[in-house]
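In the working numbering, the protein residues as written are 115 to 475. Glycine included, every Cβ here is placed at the ideal spot set by N, Cα and C. Have a look at the structure below, then the notes.
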Ligand code: PEP
Ligand code: MN
């Protein structure tokens, strides 16, 4: 192993402990000039820790720009030599892993379309064999087990510096986002793998420049460890994902606008005040459980009446009345309609399950 590789590895080890870790660069490497100019402008901002670029691009339809291919790897290597920024690319096959390692790419990530395929993930994991840092993007479909399975495959290949990228989930039809964030899924992954840094990819979540800052701020508020944001010297003329890329100058502005938060502070007053409020929360959570349990006991009694009179469990009219009244009251109490809908659905389902058990008894 060359000294270049050793020092590169040490650098990544150090980077993995840094917070926040900012990764930026073009969606696709297009020309040597574009890669070098983007890298130099990004390095000059002083805000970026790692250079990303797509070399092989998984495109939805044929006939679009499918990436410059291995020809772009020496450009990245040169960009690293000039700026000192470690490099990161997406890989989808064993051959791509080998090519990337030949050109000293530091971090390889598995794209959302690849994470869905355990054969491909395994092929990549086998090709990696301890030689690189790997990050697993979430699969395009909201399947936590598939995401976790992908990460475990890479971990079993002996990769030490692992990470996660949350890039949102595709859905049918037009929504506010290109890929719905479904934050709760990323939070679950963060809780499941607390030792792995989790990056947010606002570019692929938003699909357009407008909301990048808002989504980045939300990620930082939720204690993400890093951001991966696409940038380009001439975003409007980018060969892929033109609408969502920003100039290095705009990236710098965004990094300056974000309110960076700490996970904790060494301040006794803060901790005491927080502890008091947390005790109140624990107390209320306990009361809510008691009340929900009482509610289900009443549902059991209703189930018994329905059974004795041979009546269906589901009474749409009654349920509609509950939704309207409770949601209206809840909204007046400052709860969001979205939360109320989810809460009422969950309570209703649990109530139906209770009554079904009575009916079947
Ligand atoms: C990308 O990062 O350019 C990319 C293709 O991402 P994803 O796998 O999230 O679609
Ligand atoms: Mn992209």
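- Task: With a threshold of 6 Å, establish whether the CB of residue 141 neighbours any heavy atom of the ligand PEP.
- Result: yes
- Task: Flag this pair as touching only if the stretch 407-425 and the stretch 440-449 have three or more C-beta atom pairs under 8 Å; answer yes or no.
- Result: no
- Run the proximity test for residue 226: is its beta-carbon closer than 6 Å to any non-hydrogen atom belonging to the ligand PEP? yes
- Message: Please tell me whether, using a cut-off of 6 Å, the distance from the CB of residue 399 to the nearest non-hydrogen atom of the ligand MN is below it.
- Response: no
- Item | residue 251 beta carbon near the ligand PEP (any heavy atom closer than 6 Å) | yes
- Task: Could you tell me whether the Cβ atoms of residue 242 and residue 248 are closer together than 7 Å?
- Result: yes
- Does at least one heavy atom of the ligand PEP sit under 6 Å from the Cβ of residue 462? no
- Message: Using DSSP's beta-bridge definition, name the partner residues of residue 345.
- Response: 360
- Task: Starting from residue 472, trace the alpha helix (DSSP H) both ways and give me its first and last residue.
- Result: 451-474
- Query: CB residue 134 to CB residue 340, shorter than 7 Å?
  - Reply: yes
- Message: How far does the beta strand (DSSP E) with residue 283 in it extend, from its first residue to its last?
- Response: Run containing residue 283: none; DSSP gives neither H nor E here.
- When we look at the beta-carbon of residue 374 and count the other beta-carbons within 10 Å, is it buried (16 or more) or exposed? exposed
- DSSP on residue 182, reduced to helix/strand/coil? coil
- Query: Alpha carbon to alpha carbon, how far is residue 350 from residue 144?
  - Reply: 14 Å
- Message: Looking only at its chain, what residues have a beta carbon closer than 6 Å to the beta carbon of residue 474, apart from the 5 residues adjacent to it on each side?
- Response: none
- Message: What would DSSP say about residue 407, mapped onto helix, strand or coil?
- Response: helix
- Closer than 6 Å: residue 281 CB and nearest the ligand PEP heavy atom: yes
- Item | Validate contact between the stretch 359-367 and the stretch 164-180 using beta carbons, cut 8 Å, 3 pairs | no
- Length of the line joining the Cα atoms of residue 123 and residue 447: 53 Å
- Message: Taking 6 Å as the cut-off, is the C-beta of residue 248 nearer than that to any heavy atom in the ligand PEP?
- Response: no
- Cβ neighbour criterion (16 or more within 10 Å) applied to residue 171: buried
- Message: Tell me which residues share the same chain as residue 126 and place their Cβ nearer than 8 Å to its Cβ, disregarding the 5 neighbours each side in the sequence.
- Response: 200, 220, 221, 247 and 275
- Message: Between which residues of its own chain and residue 507 is the CB-CB distance below 7 Å, once the five residues before and five after are set aside?
- Response: Lying outside 115 to 475, the shown extent of the chain, residue 507 is not represented and no answer is given.
- Task: Return yes when at least one heavy atom of the ligand MN lies under 6 Å from the C-beta of residue 355, else no.
- Result: yes
- Considering residue 317, what are the terminal residues of the alpha helix (DSSP H) in which it resides? 316-320
- Would you list the one or two residues that DSSP bridges to residue 313? 279 and 340
- Query: Going by alpha carbons, who is nearest to residue 428 out of 410, 467, 406 and 403?
  - Reply: 467
- What's the C-alpha gap between residue 207 and residue 450? 44 Å
- Excluding five sequence neighbours on each side, which residues of the same chain lie with their C-beta closer than 7 Å to the C-beta of residue 116? With a pLDDT of 40 at residue 116, under the threshold of 50, the modelled position of that residue is not reliable, and the figure given next carries that caveat. Around residue 116: no qualifying Cβ.
- Task: Specify the secondary structure class of residue 250 as computed by DSSP and reduced to three states.
- Result: strand
- Which value, in whole angstroms, describes the spacing of the CA atoms of residue 458 and residue 437? 7 Å
- Using only the heavy atoms of the ligand PEP, determine whether one of them is closer than 6 Å to the beta carbon of residue 298. no
- Task: Between the Cα of residue 435 and those of 410, 462 and 425, spot the shortest distance and give me the residue it belongs to.
- Result: 462
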